[in-house]
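Student: Residue numbers (our numbering), protein chains in the order written: chain A, 43 to 323; chain B, 237 to 484.
Yeah, the Cβ is synthetic: ideal placement off N, Cα and C, and Gly gets one too.
This is the structure, below, for whatever I ask next.
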Amino acid sequence: MTAQPDIHSPRGRPLPQPAPLARTVDSVTFSVMLYLVIVGGLVWLAYSGAQAMGYNWQWYRIPQYFYTVTEDGFQWGEISLGLVATLWLSALAFLLALALGLVVALLRLSGLVICTAVAIGFLEFIRNIPLLVLLYLFYYVLGPIFGFDRYTASILCLGVFHSVLISEIIRAGINAVPKGQWEAATSIGMDRGQAYRYIILPQSIRFMLPPMTGEVVHMVKSSAIVSVIAVAELTTIGRNIISDTYMSFEIWFTIAAVYMAVTLILSVGVSFMEKRYAVSQ
Amino acid sequence: MAGDAAIITFEHVDKFYGDFHALKDISISVREGERMVICGPSGSGKSTLIRCINGLEFHNSGVLTVDGIEVFEASRSILKLRQEVGMVFQQFNLFPHLTVLENLMIGPMKVRRIAREEAERTARKYLDRVHIPEQADKYPSALSGGQQQRVAIARSLCMESRIMLFDEPTSALDPEMINEVLDVMVELADTGMTMVVVTHEMGFARKVADTMVFMDAGEIVETASPETFFTNPESARCRAFLDQILDH
């Protein structure tokens with residue numbers, strides 16, 4: 043009996059495979075192990091350093107700052123309340139930054155000399171002032187003039203500061219849409235506003251999402267700076283707890299972990315959105 | 237078969253890009269229902285000419301009148317005019333974030349303010365006309381080049397334009413898809429639509445053109461009926477061009 047040649051099996055020469063060592067180094071298992079070794083090393087370094095200082099770790103005292111359950115029932119702790127304040131602050135500031143950023147970007151792209159000049163002037167003015175100085179300006183100078191409280195001053199400061207960064211992201215996103223889309227929109231009789239709203243902006247979102255994620259994360263983290271004018275958000279709360287308890291290591295590690303958790307959740311959330319916008323293209 | 241009334245008139249139109257003289261003293265008119273095919277070497281100004289008609293570019297001097305409206309940048313009527321003039325591009329320029337049906341409906345709904353149901357009826361009618369009713373709910377990226385270009389033609393038709401401009405509509409297509417687009421254009425010509433077509437498809441030109449125009453270096457070198465144009469062109473430049481594109 044002769045074997046039937048199987049037409050589905052490859053008939054050509056098999057290609058040379060990478061050497062066993064190279065294959066091991068390329069594998070996922072190896073990468074994970076390497077990662078764990080490095081992270082473990084860093085943790086050990088920090089821990090042994092702290093041991094050498096004779097630091098008295100009191101991690102057991104941390105959970106009460108998240109929540110407490112007493113006879114009176116469940117109660118949110120200070121860190122949780124601070125987190126909520128941070129999230130509110132960031133969310134409001136982000137909405138303001140987005141609206142203002144869109145206006146600045148559209149002014150810049152308007153093609154009218156005066157509008158472009160105003161946009162560039164605003165952009166360079168804000169972008170070249172350190173955030174901390176801008177915050178002092180809003181709180182100590184503009185605050186008394188216009189009667190802001192510290193909370194309003196913080197939102198305005200963060201919103202204005204990030205609006206110029208966001209305006210550049212929006213501008214880049216709009217410019218990334220091919221010119222032919224403008225022409226097609228124009229040729230069916232759309233005016234500039236309609237072309238932006240129905241054709242250009244919806245398409246530019248997918249170009250804006252990745253850098254915008256970075257901007258949101260940056261915003262959440264830079265909101266920590268308002269602790270210098272004693273707005274009761276996460277970082278301020280952390281400082282207050284430390285001044286009561288002297289647990290610098292535990293509290294700052296905890297606060298850092300909370301920020302990280304928030305920003306990681308944001309990043310993952312946006313990457314889902316990116317997929318959604320990518321599919322519909 | 238074309239009527240007598242001129243619907244597009246160029247009178248001594250000039251156009252510059254900086255120092256570059258793109259259109260030189262163009263005077264020509266297109267009658268209602270006329271099919272004009274413009275050809276010429278690349279860089280001869282044929283695309284610029286056609287793009288001036290619906291104000292995608294603006295000429296610098298002279299008078300250009302389309303459907304009774306003078307075209308110039310500061311004109312208040314330019315948006316109105318563009319609704320009357322459909323345009324099909326070399327690169328299709330479909331809206332990639334909208335389905336085929338939405339591509340066809342967005343102009344009528346947002347620009348002409350037509351109700352959704354009616355816009356959808358019109359859209360489906362013209363999708364039938366370009367022979368791809370089954371693609372209505374797909375996104376443009378799922379379509380072949382020929383299908384995309386037919387959607388683009390349907391998109392212009394949905395605006396119920398009276399004039400259709402074609403800027404090298406088959407140049408970006410794979411050879412086997414060219415005919416499906418040309419067939420649709422021939423059918424459109426049979427309905428009596430006024431058409432101005434920039435193309436190198438001379439078979440198509442022979443079949444549908446009332447007038448052939450040859451451009452070179454920003455000038456109209458020759459305007460003739462297809463019979464004269466293909467058998468006995470007057471200018472040497474035109475003869476050389478035809479020899480090059482017809483013999484290969």
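At what residue ranges does the stretch 322-373 of chain B contain a whole run of the alpha helix (DSSP H), taking only runs of 4 or more?
Tutor: 336-346 and 352-365
Student: Is it buried or exposed, B/LYS346, if we count other Cβ atoms within 10 angstroms and call 16 or more buried?
Tutor: buried
Student: Rounded to a whole number of angstroms, what is the C-alpha to C-alpha distance between A/THR305 and A/TYR107?
Tutor: Their backbone Cα atoms lie some 20 Å apart in a straight line.
Student: Under three-state DSSP, which class holds A/TRP99?
Tutor: Annotated three-state conformation of A/TRP99 is coil, per DSSP.
Student: Closer than 8 Å is the cut-off here; do at least three beta carbon pairs connect the stretch 245-259 of chain A with the stretch 180-187 of chain A?
Tutor: The count of Cβ pairs closer than 8 Å, one atom from the stretch 245-259 of chain A and one from the stretch 180-187 of chain A, stays below three, leaving the stretches out of contact.
Student: Can you confirm whether A/GLN114, when its beta carbon is compared against all beta carbons of chain B, has any partner nearer than 9 Å?
Tutor: For clarity, residue 114 of chain A is Asp in the given sequence; the question names Gln instead. So, not an interface residue.
Student: I need the boundaries of the alpha helix (DSSP H) containing B/ARG386, first residue and last residue.
Tutor: 381-394
Student: For B/ASN290 and B/MET323, which I take to be in contact (beta-carbon distance under 8 Å), what is that distance rounded to the nearest angstrom?
Tutor: 6 Å
Student: Indicate whether B/ILE286 and B/LEU401 have their beta-carbon atoms separated by less than 9 Å.
Tutor: Inclusion of B/ILE286 and B/LEU401 in the CB contact set at 9 Å is warranted, their separation being smaller than that value.
Student: Count the other C-beta atoms from every protein chain shown that fall within 10 angstroms of the C-beta of A/LYS317, then say buried if there are 16 or more, exposed otherwise.
Tutor: exposed
Student: Give the straight-line distance between the Cα atoms of B/ILE342 and B/MET448, rounded to the nearest whole angstrom.
Tutor: 34 Å
Student: Would you call the stretch 218-230 of chain A and the stretch 158-171 of chain A in contact, with 3 or more CB pairs under 8 Å?
Tutor: Taking a cut-off of 8 Å for Cβ pairs, the stretch 218-230 of chain A and the stretch 158-171 of chain A do not touch, as fewer than three such pairs fall below it.
Student: Below 7 Å between beta carbons is the criterion; list the residues of the stretch 334-361 of chain B that meet it against any residue of chain A, in chain order.
Tutor: Close to chain A, meaning a Cβ-Cβ distance shorter than 7 Å, are the following residues of the stretch 334-361 of chain B: ILE342, GLY343, LYS346 and VAL347.
Student: Return the chain-ordered list of same chain residues with a C-beta closer than 8 Å to the C-beta of A/ILE247, the five sequence neighbours on each side being excluded.
Tutor: GLY215 and TYR319
Student: Which chain B residues sit within Cβ distance under 7 Å of A/GLY222?
Tutor: PHE325, GLN327 and ASN329
Student: Measure the C-alpha to C-alpha separation of B/ILE274 and B/GLN327 and round it to an integer number of angstroms.
Tutor: C-alpha separation (whole angstroms): 18 Å.
Student: Hey, could you find the ends of the beta strand (DSSP E) B/ALA258 is sitting in?
Tutor: 256-267
Student: Can you name the residues of chain A whose CB is closer than 7 Å to the CB of B/LEU315?
Tutor: GLY231 and ASP233
Student: For A/TYR240, return the contacting residues in chain B, with the cut-off set at a CB-CB distance below 7 Å.
Tutor: The contact set of A/TYR240 on chain B, defined by CB atoms closer than 7 Å, consists of ILE342 and LYS346 in chain order.
Student: Looking at the C-beta of B/ASN296, does it have a partner C-beta in chain A at a distance below 9 Å?
Tutor: no
Student: Tell me which residue opens and which closes the alpha helix (DSSP H) that A/ALA214 is part of.
Tutor: 192-217 is the span of the alpha helix (DSSP H), which, as asked, contains A/ALA214.
Student: Nearest to A/ALA195 by CA position, among A/LEU207, A/LEU134, A/TYR238 and A/PRO58, is which residue?
Tutor: A/LEU134
Student: Could you tell me which uninterrupted alpha helix (DSSP H) segments, each at least 4 residues in length, are contained entirely in the stretch 81-152 of chain A, listed from first to last along the chain?
Tutor: 120-151
Student: With a floor of 4 residues, list each alpha helix (DSSP H) that falls wholly inside the stretch 258-288 of chain A, ordered by position along the chain.
Tutor: 276-287
Student: When you compare only the Cα positions, how much space is there between B/MET399 and B/PRO469?
Tutor: Met is not the amino acid found at residue 399 of chain B; the sequence shown has Ile there. When rounded, the distance between both Cα atoms is 28 Å.
Student: Looking at chain C, which residues of the stretch 238-269 of chain A have a Cβ within less than 8 Å of any of its Cβ atoms?
Tutor: No chain C is present in this structure, whose protein chains are A and B.
Student: Take the Cβ of A/GLN93 as the centre, count every other Cβ of all protein chains shown within 10 Å, and call the residue buried at 16 or more, exposed below.
Tutor: exposed
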